[in-house]
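In the numbering used here, the protein residues as written are 59 to 154.
Each residue gets a CB set at the ideal place from its N, CA and C atoms; glycine is no exception.
Remember, it's a predicted structure, so these values are computed and weren't measured experimentally.
The structure appears below as structure tokens.
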């Protein structure tokens, strides 16, 4: 009879420990998923803002080039393209 009680107590304690461990692991997995989702969302917003910033700068540079004499336009144009390539590289777009 005592052996049955001890066996039942061990089974009960094991079940409770299993439930607690399962809940802890589920919470940790859920938290990690939420953190990853937040990181992806923030990275997307940052990338969008950087693209908009690069587009605006490119437009301003192109407008300035059009106002310059033809003799220095090509040099300025090449510098704008180099800056655009660096901006895209910093964002992570390797297709430039």
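(message) Less than 8 Å between the C-beta atoms of residue 113 and residue 138, yes or no?
(response) no
(message) With the cut-off set at 8 Å, would you say residue 164 and residue 134 are in Cβ contact?
(response) Coverage of the chain is limited to positions 59 through 154, which leaves residue 164 absent and any answer about it impossible.
(request) Note down the Cα distance separating residue 67 from residue 78, rounded to an integer number of angstroms. (result) 17 Å
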